Structure formats: C-alpha cells, structure tokens
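Protein chains in written order, with the numbering used here: chain W, 1 to 288; chain E, 289 to 536; chain B, 537 to 820. Step one of this worksheet: look at the structure below.
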Amino acid sequence: MFFQQLINGLMLGSTYSLIAIGYTLVLGLLQMINLAHGDVFMVGAFLGLTFAYLGIPLYLSLILAMVGAGIMGILVERFCFRPLKKAHFLGPLVSTIAFGILLQNVGTQIWGSEPSRYPQTAEIAQFHLGPVVVSSIQIIILITSLALMAGLDMFIRRTRMGRAMRATSEGQVNASLLGVDPDRVISFTFFSSGALAGVAGVLTALVYLQITPFIGIRQGLIGIVAMVIGGLGNVRGAMIAGLLLGIIEVMNDAYFTAGYRDIIIFGIFFIFIVFKPEGLFGAFKKET
Amino acid sequence: MLTIKNVSKNFGGLKALQDVNIHLEPNKIYGLIGPNGAGKTTLFNLITALLPVSGGAIQFLEKELTGLRPHEIARLGIARTYQNIRLFPSMTVLENVLVAQNIHTQSGVGSIFKVQRSDKKFLEEAEAMLKHMGLWPKRKEKSTSLAYGEQRRLEIARALALQPKLLLLDEPAAGMNEAESAELLERIQEIRNSGKTVFLIEHDMSVVMGICDYISVLNFGKLIAQGTPGEIQTNGAVIEAYLGREEG
Amino acid sequence: MSGYIEGVLALMGINILLALSVYAILMTDQCSVGNAGFMAIGAYTSAYLTVKMGLPLLPALVIGAALASLIGLLIGIPALRLKGLYLVIATLGFGEMVRTFFLNFEPTGGASGFRGPMGTTLFLIYAWVVGFIVVFWLLDRSRLGRSFDAVRDDPEAASTMGLDVIWHKVWAFGFGAFIAGIAGGLYAHYMFYIESGNFSFLLSTMILLYVLLGGMQTFWGAVIGAAIFSILPEVLRFIHEWRLSFYGAVLVAMMIFRPSGIITRQMVRDLGERLDKLFQTART
C-alpha cells in the first residue's frame, strides 16, 4: 500500500516538477515570477483534450501541446514583461496575473466553466510489480516527465543557448559574451517554460480525465511552492521538490485528512519562504 | 571621545580592516586618508553600525557602540554623510532637514495629532541653518533637483540638524571646484568651532592638509601612519602607499 | 437610494479601506498581496463575536481588526528579511494559508461558510473611510509621516538619521492589517454570509491593482484608484466579466506612459499649496 502511494505520489509530483521548473527558469533569468504560468498549464491541458477528441495519437498530441503552450509562454513575455522592462517590478507581476485571468476567461468562453471530459481512449494496461499496480498511463507520465527533465538538464549544461541561460541567470556574464542575443535567451526561456507546463497539462488531463479552465490556479500555486522549497532559482531543486510535494499530497490524502492538505502545503511554503528562502538545495541568488 | 580599539572587519575571506586603532579627542578635525579600497568607508560603516565589526570594539563617550543599531548610534550623537550623497529623493530640501526632528522629539503614533511647541522651534532652527548654507530659497524644491554642490551642502545641513557631537563626512569635497572646496573648508572649521568634532574621509589633499589637526592613514585595511599633517606629508610609508615603491 | 446603488457604494467603501491597507504597508516599501488574509481574520472574528457571542457590532469590529493587526505585527517581523519579490511570495503564501485555514475551521463554518452577521450601514462604512482618510492626512503632515517617507526612500540613510527602521516597517504591517481587518468586519456584516473563497489571492491582487493604477506615491492614489476602478465595471457593463484582463491592459499602458499612477505626490503637493493660498486669501 505504501509503495503504491509512493508511485502515485511520484506521478503526481512529476507534473508538479514540470510546472515548478518553468517558474524557476523565469525567476532565474529575470528575477520575476510569471503568474500566468499556471494558466499556460491549463491551456496545455485543454490542447491535449482537444487533440484527443480529434483522434490524434498521444505522442503527437504532447509535441503539439508543447509547441502551443510554448508559444503562449512567449506571448506572456511579449505582453507582460517586454514593454515593462523599466517599470517597478509589480507591473509585470500584476500583468501576468491579468493575462492568466484572460486565459481563464477565454477558456470559459470556449469550453464553459463546467468540467470537460477527456475522451475514453483505448484500454489502459495495468502492470503488476510485486505489491504495486502501475497503469500504462502512469508509466507514460513518469517516463515523459523524467525524460523531459533529464533533457532540460543536459540542454542547460551542454548547449550554447543552455549555457547562456545559466550564465544570465547566475548574473555573471551577459549572454552576448557567449555569442547569443540576450532577447533570444529570454524568448527561449519563456518558450521552454511554457512548453514544460503544456506537457504537464496534457499529462494531468490524462490522469484526472476531466478539467476546467480553473485548474491552473491551484496547480500554479503548488508549482510556486515547489520552486520555493527546492530553492529559488535552482532547477534541480525544483524537480526534486515537485516530486516531494506530490508524495506529501498523496500520503496526506491516504493517511490523514484530505481537507488539511492545502493548509499543510501552504504552511510548509510559508515557513520555507520566511526561514529558509534558499530552500532545500540552495539558490543562485538570495536577494533581488 | 571616540575610541576605535583593535577593530577588524572581514567579508568572507577578505580582510577589509585589520587591527585599526584610532582615538578622537573632542573639538578637533580628524582626517582619514588612504588609496582607494583601503577601507575608509568601511570604517565609517562600522562606527555607524551599518555593518557589524568582526573583531575589536568602538566606544563613544564611554559607551560601547558595538552591538547597537544605527538609529541608536545616531541618537547618541554621531551623524554622517555619504560618499555618493544619499538624500531622500521623494522629499523637498526642507523636508530632508526636518527628518532630523524625530531624534529630538516624541515621534510615536501620538505625534500625528499634536503640534508641539518644539516643532516651531525646530522649524526656525532649520530655517536658520538652510539660510546659512544658502539653501533656503530652494527649500520647497525636490532635493534631487539641486545642483551637485548644493546637494552636498544639503546633506551636511541634514546631518547637522541632528545636533551631533561627532560628524563623519565621507568625501565631502568630491566633485567640487576650488571655490566650493574653499567654502567647504570654512564651513567645516565653523562646525569644529561650534564645539563639534569632525572626522572626514577625503582624497583632496589640499582640504585634508589644510584643516585637519590629525590624520590617520589606511592602506589595505591597515593603519600605516597617524600624525599631524606635517608628519604625514614626510612619512615614507604614506608616500609609498600612494605613489608606489620608490626606485633605487 | 436603490438597493443596487447602495450595494455598489458599500463595496466601493470597503475597497477603499482595503486599498488603504495595502498603501499603509507600501509606505515602507513593502508590498503585500496577502491583505485578503487580514481581511478574513477581521471578518470571521467579528462575525463570530456578534453572531455566536452576542457582542455589539462596533466592539466586535475593533476586536477583529485588533486580532488581524496582531497577526500583522507577527508577519511584519519575518517580513523584514525579505526584499521585494520574495516578500510578495511570502504574503501570497500567508494569504493562502489563512484562506485554507478558514476553509477547514469548523467553528466558523468551514467549507459551508458563516451565516448571520449583519448591521453594517453605508454610514458606518463611510465613517470608517473618512476616519482613516483623516488619519492618513494627519500622518502626511506630521513628523511621523516624514519618517515613513525617509524609511521608504533609503532605509540605511534613515537609520543613520536616527530612525528605527524595524519599528516603522513592522508598525506599517500592523496598521495595514488593522485597516484590512476593519474592512473585513464591515464586509461580513454587510453581506450576511461569508466563506473562505471570498478572501482569495485574486482579491488581494485586485486591491494592489487599484493602488498601482490610482498611484502608489500618496494615500490619495489608493483612495481614488479604489473608487474609480471598483465602480468602473458597473458603469461600463461590457467589461464586467473581463475587468481584470482589461485592467491588466490598462496597467501595462499605465506603467509605460505614467508609471507613477494617476495621482502623483507632486499633484497632491501642488493642490495642497493652492488650497493653502486660497485659505490664506480667504482669511485676509
């Protein structure tokens, strides 16, 4: 039973990780939080839903949703960050909130505020590994998330653009010194951030089988919690913290009362941001 | 009145100040000089508790300063200006000076309801000081819209409004032309003559040698010489610090 | 006065109070998006006191706000070590903590909400609004107001000018929380029914938006911002559903063309001088 919950937690947590990484990338780069991120996740979920209804196979659906959500990420940058480069930091922050609400409103117009159901797809295989039952969906989610995270990790360490992203966020070097246009670094960061959220959206829709335009609100907040616990600005920290949060949530629902779940999560969040802002794994910068 | 005893300051592995010992007597003008990065402003930051000391102690009028907070030290009678002029940009010239009021009067929440007699007196004193500094006509202008030299004068006026016993001036003559520097010299001497002690960091040697009674020289965080202007000017270690090792 | 207009004015008054609560904290260069949490504390506490313990409205309001204020002071202390964006995140977390707490707290109804508080009149709301405006006006003209300006402009320079920066910053949190607590109590006793969803991060965001648009340099900006932008959707029906997105676009435009917001310090200063001269000529 315990291991079953652990697997469930990892699965849930991996979607949290994907969302958290997106926040972390933008925070590291611009020292800003993109509060429309949760709603980009929601867009990904609805894209996945739509593609499923169109009969598009899952792997293609994931790729298309990645691109779609990535583009959404770039739009957020264009409208909320770029025009306000010189403004007080609250400007972009509140603008992203407004942009997110815009996405929610549009989503409600298109799909209504009642839950939309994921179409019944082919039967789900179940695998028995000892005491644990794992469905093919869970395997897909775990593999996809881990593959993406590993891919991102390698990308940041090995490619020129990746190094430019890291260097800019560590504040040591202007990206142009590495031969990359700083604006392109920013656009690429927002694209990746959105793409990851989009994948998380598709995978989440696959699990819960019904979604509303408001799912981004809570998932977005949990992503921020994971980012803080993992260490503000630390991508690997965000990954691990996301997994941890998924496990905590599942364990809480299984062994404790579901109602207190969010209090515990936000309580932990508050304690970390106040007493340990460098999180579990440390951050690149502690002060703005 | 101010005793700096064996004071050190470390930033991680960097030793900004090591074993500095300086003693200031009342009613004199003291200078603090040294090449860039010698630790002069750091020492001021330690005295005013903007930074904690790593070792040693600082005493002012028999009171231990280490461990106090900056506003408590200001209330004990130490005021300062800053190398890069830190006026309050949202306030006018007059308002900047009036901030100093808070030290002398009851400024808790109740103060918003009472207009005390001391308010009027303070306003008169502020007026007198600004007139003396030639800033009264501009009293309602935003402090940052003043000319550079005027801003420096305003910062000094603001510090004086605290009625301190010790005034720390961080490069007050920076960016001034000859006429302004000469005027500054006069003002600093006036301040000393009114019963205060002045401790000033300066790069302009004509200012330092011109008015200081006693000078301390820092290099790489260490005190390399202390003495009268005449002694400092002929001190080999000082010359070496500023000009590099002599050949031959 | 029709019930509808009365309702609009009542909510406008409460929004003005909330905007002032954000401004009070912003006065010391601290940005809080958790004031809905303080509002909730004031709302639930005062509602419990009147409905379950039979206290009259006014004492209940003040006690509720006092409790919110106490929590505000407690929050203000750890807030000291958080700058800018990190404080925003922390207050966001605080607001959510309070909301989820009341979602589960059975004595005040938990998820089903709390029914029963009543007694707020339009007069009462605006009595508090005018009262706080007077307080801010007096603050502006006083030594304390100047010390807050100094702390906001340059905390280090303010400290070497003898000002206790910590006291000012923590006090601002307590004061802002008190105002939000009053707003919460008034809200609860006007709406007759409250639930945790009323005190969301979204609300905190809207209030911040009012202050940003109205102008964060003076308290008048918060007042005017809340007054205009809380009733604008009533006037412009078509934006009602989309008002946050619309305001978002307005905010972007504002930050580009007039970053200080509608009301600036200079404006208030100039107006103040003109009024002073008017009174002087009237007297002579």
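Backbone N, C-alpha and C define an ideal beta-carbon position, used for all residues, glycine too. Keep in mind it's a predicted model, so treat the numbers as computed, not measured.
**OP:** Mind listing, in chain order, the continuous beta strand (DSSP E) runs of no fewer than 3 residues lying wholly within the stretch 327-385 of chain E?
**Re:** 343-348 and 366-368
Original post:
Residues of chain E with CB under 9 Å from residue 685 of chain B, in chain order?
Top reply: 376, 378, 379, 383 and 387
**OP:** Give the DSSP bridge partners of residue 651 of chain B, in chain order.
**Re:** B:729
Original post:
Does DSSP put residue 700 of chain B in a helix, in a strand, or in coil?
Top reply: coil
Original post:
Under a three-way DSSP split, which group does residue 33 of chain W fall into?
Top reply: coil
Original post:
Where do the ends of the beta strand (DSSP E) carrying residue 307 of chain E lie?
Top reply: 302-312
Original post:
Does DSSP put residue 583 of chain B in a helix, a strand or coil?
Top reply: helix
Original post:
Can you give the beta carbon distance from residue 83 of chain W to residue 788 of chain B, rounded, assuming they're within the 8 Å contact cut?
Top reply: 6 Å
**OP:** Report, in whole angstroms, the separation of the C-beta atoms of residue 327 of chain E and residue 500 of chain E, which I expect to be a contact under 8 Å.
**Re:** 18 Å between Cβ atoms; not a contact.
Original post:
From residue 522 of chain E to residue 507 of chain E, what does the alpha carbon distance come to, in whole angstroms?
Top reply: 16 Å
Original post:
Which whole-angstrom value is the C-beta distance of residue 69 of chain W and residue 194 of chain W, which I expect to be below 8 Å?
Top reply: 4 Å
Original post:
Given that a residue counts as buried once 16 or more other Cβ atoms are within 10 Å of its Cβ, and exposed if not, what is residue 346 of chain E?
Top reply: buried
Original post:
Are the C-beta atoms of residue 733 of chain B and some chain E residue less than 8 Å apart?
Top reply: no
Subject >> Whole-angstrom distance between residue 6 of chain W and residue 254 of chain W, CA atom to CA atom >> reply: 11 Å
**OP:** Could you pull out every residue in the same chain whose Cβ sits closer than 8 Å to the Cβ of residue 188 of chain W, ignoring the five residues on either side in sequence?
**Re:** 161 and 165
Original post:
Counting Cβ pairs closer than 8 Å, one from the stretch 331-342 of chain E and one from the stretch 289-306 of chain E, do we hit at least three?
Top reply: yes
Original post:
Quick one: what does DSSP say residue 491 of chain E is sitting in, helix, strand or coil?
Top reply: coil
Original post:
So is residue 240 of chain W buried or exposed if we call it buried at 16+ other beta carbons inside 10 Å?
Top reply: buried
Subject >> Stretch-stretch touch, CB-based, cutoff 8 Å, three pairs: the stretch 767-781 of chain B with the stretch 808-815 of chain B >> reply: no
Original post:
Are the Cβ atoms of residue 42 of chain W and residue 107 of chain W separated by less than 8 Å?
Top reply: yes
Subject >> Residue interval of the alpha helix (DSSP H) (run including residue 118 of chain W) >> reply: Where residue 118 of chain W is concerned, there is no enclosing alpha helix (DSSP H), given that its DSSP letter is neither H nor E.
Subject >> Simplified DSSP state of residue 484 of chain E, which is helix, strand or coil >> reply: coil
Original post:
Is it true that the stretch 603-618 of chain B meets the stretch 692-707 of chain B, where meeting means three or more beta-carbon pairs spaced less than 8 Å apart?
Top reply: yes
Subject >> Residue range of the unbroken beta strand (DSSP E) whose run includes residue 291 of chain E >> reply: 290-299
Original post:
With 16 other CB atoms within 10 Å as the buried threshold, where does residue 384 of chain E fall?
Top reply: buried
**OP:** For residue 594 of chain B, count neighbouring Cβ atoms within 10 angstroms of its own Cβ and tell me buried if that reaches 16, exposed if not.
**Re:** exposed
**OP:** Keeping to the same chain, check which residues put their C-beta closer than 7 Å to that of residue 217 of chain W; ignore five residues upstream and five downstream.
**Re:** 38
Original post:
Can you tell which of E:330, E:426 and E:367 has its C-alpha closest to the C-alpha of residue 348 of chain E?
Top reply: E:367
Original post:
Using a Cβ-Cβ cut-off of 7 Å (strictly less than) and excluding sequence neighbours within five positions of residue 286 of chain W, which residues of its own chain qualify?
Top reply: Annotation note: pLDDT 37 at residue 286 of chain W (below 50); position unreliable, no value reported.
Subject >> DSSP state of residue 812 of chain B mapped onto helix, strand, coil >> reply: helix
**OP:** Answer with yes or no whether the minimum CB distance from residue 37 of chain W to chain B is below 8 Å.
**Re:** no
**OP:** Drop a sphere of 10 angstroms on the beta-carbon of residue 809 of chain B, count the other beta-carbons inside from all chains shown, and report buried for 16 or more, exposed for fewer.
**Re:** exposed
Original post:
In whole angstroms, what separates the C-alpha of residue 713 of chain B from that of residue 739 of chain B?
Top reply: 15 Å
Original post:
Among W:139, W:110 and W:93, which has the Cα closest to the Cα of residue 11 of chain W?
Top reply: W:139
Original post:
If you draw a straight line from the C-alpha of residue 717 of chain B to the C-alpha of residue 266 of chain W, how long is it?
Top reply: 22 Å
Original post:
Considering only residues of the stretch 576-635 of chain B, which uninterrupted beta strand (DSSP E) runs meet the minimum length of 3 residues and lie entirely inside it, listed in chain order?
Top reply: none
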